[in-house]
Amino acid sequence: MKDRRKELVRIRELETLAASLSKRAEERAKEWAAAEGDSQEHRLQTAKSLSQIISDLVIPMAPDKIRTAVIDPKTLAPKINNRSLEQLARSVGLVSLAHTAYHLMCLEAARTMPLVRLPATQWLDAPFDELRGGPEGERLVNAALQVCAATAGDDAQIILITPRSFRPPRSSAS
-2 MKDRRKELVR IRELETLAAS LSKRAEERAK EWAAAEGDSQ EHRLQTAKSL
48 SQIISDLVIP MAPDKIRTAV IDPKTLAPKI NNRSLEQLAR SVGLVSLAHT
98 AYHLMCLEAA RTMPLVRLPA TQWLDAPFDE LRGGPEGERL VNAALQVCAA
148 TAGDDAQIIL ITPRSFRPPR SSAS
């Protein structure tokens, strides 16, 4: 009889523990859902801030070709003229400008967004090689270089690597 009583007491303790754990699990599930919602909201706000930065950077590089530039909140990848980089691959020059602007956006975000931790140096490998030659390519390169120089400012460094040499445009006086 004594053993039976101990067994009943133990069963009751286990039931109480199970109820307590179940209640804690429900509370944690609610906390998780709230944190997930906060995380999604933070991701949307971050994408919105990054979209503003990349838009300000890439549109001046080719204002006649690029109307809009945003960061996709799901992938944090750039979309130019509402087209993904894969879709832009048909226009190699725009992909190159989008790639350059994305790196400049990271550099600018490192300086201006408090929760973003990125290096203050960007190394861009051959960013202008696919912009083609001729006056149009030269115009795009010059516009992109102006944006790069303005973005670097006094507190950052941008290193541009290319297998070709760039010559400054000839002035009409020379």
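The working numbering applies: residue -2 is where the sequence shown begins, and numbers increase by one. Virtual Cβ for every residue (Gly too), placed ideally from N, Cα, C.
Cut-off 7 Å between Cβ atoms - residues of its own chain near Arg1, not counting five sequence neighbours on either side: Nothing meets the Cβ criterion.
Beta-carbon proximity of Ala74 to Ile51, cut-off 8 Å: No. Outside cutoff.
Residues sharing a beta bridge with Arg80, DSSP: Paired residues: Ile77.
Supposed close pair Pro57, Ala149 - CB separation, criterion 8 Å: Between Pro57 and Ala149 the beta-carbon gap is near 15 Å, outside 8 Å, which marks them as no contact.
Strand pairing of Ala147, partner residues [DSSP]: Within the DSSP secondary-structure output, Ala147 pairs in no beta bridge.
Span separating the alpha-carbon of Leu142 from that of Leu91: The alpha-carbon atoms of Leu142 and Leu91 are separated by roughly 15 Å.
Rounded separation between Met102 and Ala32 - CA only: C-alpha separation (whole angstroms): 27 Å.
Cβ-Cβ distance between Leu137 and Ala59 below 8 Å: Against a cut-off of 8 Å, the Cβ pair of Ala59 and Leu137 comes out as a contact.
Continuous beta strand (DSSP E) assignments of at least 3 residues falling wholly in the stretch 2 to 88: Secondary structure in the stretch 2 to 88: the beta strand (DSSP E) runs of 3 residues or longer, each lying completely within the stretch, are 66 to 68, 75 to 77 in chain order.
Beta-carbon separation (whole angstroms), Asp69 vs Lys76, contact threshold 8 Å: Sure, about 6 Å apart at Cβ, within 8 Å.
Secondary structure of Leu91, DSSP reduced to three states: Shown here, Leu91 sits in a helix according to DSSP, grouped into three states.
Contacts around Ala98, its chain only, beta-carbon distance under 8 Å, and the 5 residues preceding and following it disregarded: Excluding its 5 nearest sequence neighbours in each direction, Ala98 has C-beta neighbours in its own chain below 8 Å: Ile51, Leu54, Val55, Met58, Ala66, Pro75, Val144, listed in chain order.
Buried or exposed by the 16-neighbour rule on C-beta atoms within 10 Å, applied to Ser19: Label assigned to Ser19: exposed.
Cα-Cα separation, Ser168 to Asp35: Note on Ser168: pLDDT 48, under 50, position unreliable in the model; no value is reported.
Buried versus exposed, by CB contacts within 10 Å (16 or more), His39: Exposed, because fewer than 16 other Cβ atoms sit within 10 Å of the Cβ of His39.
Sub-8 Å separation of Ala106 and Leu41 beta-carbons: No, they are not a contact pair.
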